[in-house]
Amino acid sequence: MASDATWDELKTRVQHASGDALGARERLMPRDDEGRAARPLDAPPGAAPRLGAVLLLVYPYRDEPHLPLTVRTASLRNHSGEVSLPGGGFDPADGVLEQTALREAWEELGVPPRHVDIVATLSPVWIPVSNFRITPFVGFIPERPPFSLAAGEVAELLETPLSAFRQPDVLQNELREVRGRHVHVPYFAIDGHKVWGATALVLAEFVARAYGHDRKP
1 MASDATWDEL KTRVQHASGD ALGARERLMP RDDEGRAARP LDAPPGAAPR
51 LGAVLLLVYP YRDEPHLPLT VRTASLRNHS GEVSLPGGGF DPADGVLEQT
101 ALREAWEELG VPPRHVDIVA TLSPVWIPVS NFRITPFVGF IPERPPFSLA
151 AGEVAELLET PLSAFRQPDV LQNELREVRG RHVHVPYFAI DGHKVWGATA
201 LVLAEFVARA YGHDRKP
């Protein structure tokens, strides 16, 4: 990071929600040929989704803020091979969803929970294919952690600078078959990977909070 002031300013921006941040999330929704959202953001009545949480972990690396994304192993039952944020299902032993996010970051990436300062909670997102309703938490850590990857869950770690989300060509769109329907799916092109779905929705809100009008996904 350029200075402590820059680091603190980023924290402050992330802590404050805005209508633009929620609008950014809407723009990352898959849509049909008529421009209608192909799925709801929240679970419909009667869905009874399971609860989960993910962690957006911001840390300084090579003089700028980064966050870790993970490529899930091919052996996982849900979302195998996809790019995701560290996270998973709520365990009653966690007590609260914030602890779920911290526990999963510890299990997947080896990040000690006591070192993470949770500064914001983003809007929950429903994942239709697995019927999870995930709550994203934003945590800051003062230095790059010594990552230790869970071999059974994480195939690859993508240490992603936040500046990557401000590049003019980072946001792409493709026609994809989703649950038997052809829909237009926006995605972030990151390090040779396509970041789409719930992860893209979470990142869109985060980037809009962090940079506002400087970068609208």
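Sequence positions in the sequence shown follow UniProt numbering and run 1 to 217.
Even for Gly, the Cβ is constructed at its ideal location relative to N, Cα and C.
Remember, predicted model here, so these are calculated numbers, not experimental data.
Residue(s) in a DSSP beta bridge with residue i
i    : result
K194 : A189
D117 : F140
P65  : P60
R31  : A37 and H184
Residue i - containing alpha helix (DSSP H), residue span
i    : result
A38  : Element bounds for A38: n/a, residue is neither H nor E.
L85  : It is not in any alpha helix (DSSP H) - L85 carries neither H nor E in the DSSP assignment.
E107 : L97 to L109
Cβ-based burial, residue i [other Cβ within 10 Å; buried from 16]
i           : result
E104        : buried
P65         : buried
S84         : buried
V111        : buried
T6          : exposed
V116        : buried
residue 229 : Outside the shown range of the chain (1 to 217) lies residue 229, about which nothing can therefore be said.
R114        : exposed
R25         : buried
P30         : buried
Close Cβ partners of residue i (< 8 angstroms) along its chain, the five nearest in sequence each way excluded
i           : result
residue 231 : Not covered by the structure: residue 231. The range shown for the chain is 1 to 217.
A43         : P49, W126, N131 and R133
E156        : T70 and V71
residue 228 : One cannot answer for residue 228 here, as it falls past the ends of the chain, which runs 1 to 217.
H16         : R209
Residues of its chain near residue i, where Cβ-Cβ distance is below 6 angstroms and the 5 sequence neighbours each way are ignored
i           : result
R176        : V185
F206        : L56
T121        : F137
residue 221 : Residue coverage of the chain in this structure runs from 1 to 217, which leaves residue 221 outside it and unanswerable.
E108        : P86, A150, E153 and V154
D191        : L158
Contacts around residue i, its chain only, beta-carbon distance under 7 angstroms, and the 5 residues preceding and following it disregarded
i    : result
A21  : E205, A208 and R209
L10  : P65 and A210
T199 : V83, S84 and L85
F140 : K11, V58, D117 and V119
V54  : L85, P86, G87, A101, I134, P136 and V202
Element boundaries [beta strand (DSSP E), containing residue i]
i   : result
T73 : Neither: T73 is in no beta strand (DSSP E) and is coded neither H nor E.
A53 : R50 to Y61
Taking the runs of the alpha helix (DSSP H) that are 4 residues or longer, which of them lie wholly in the region 121–202? none
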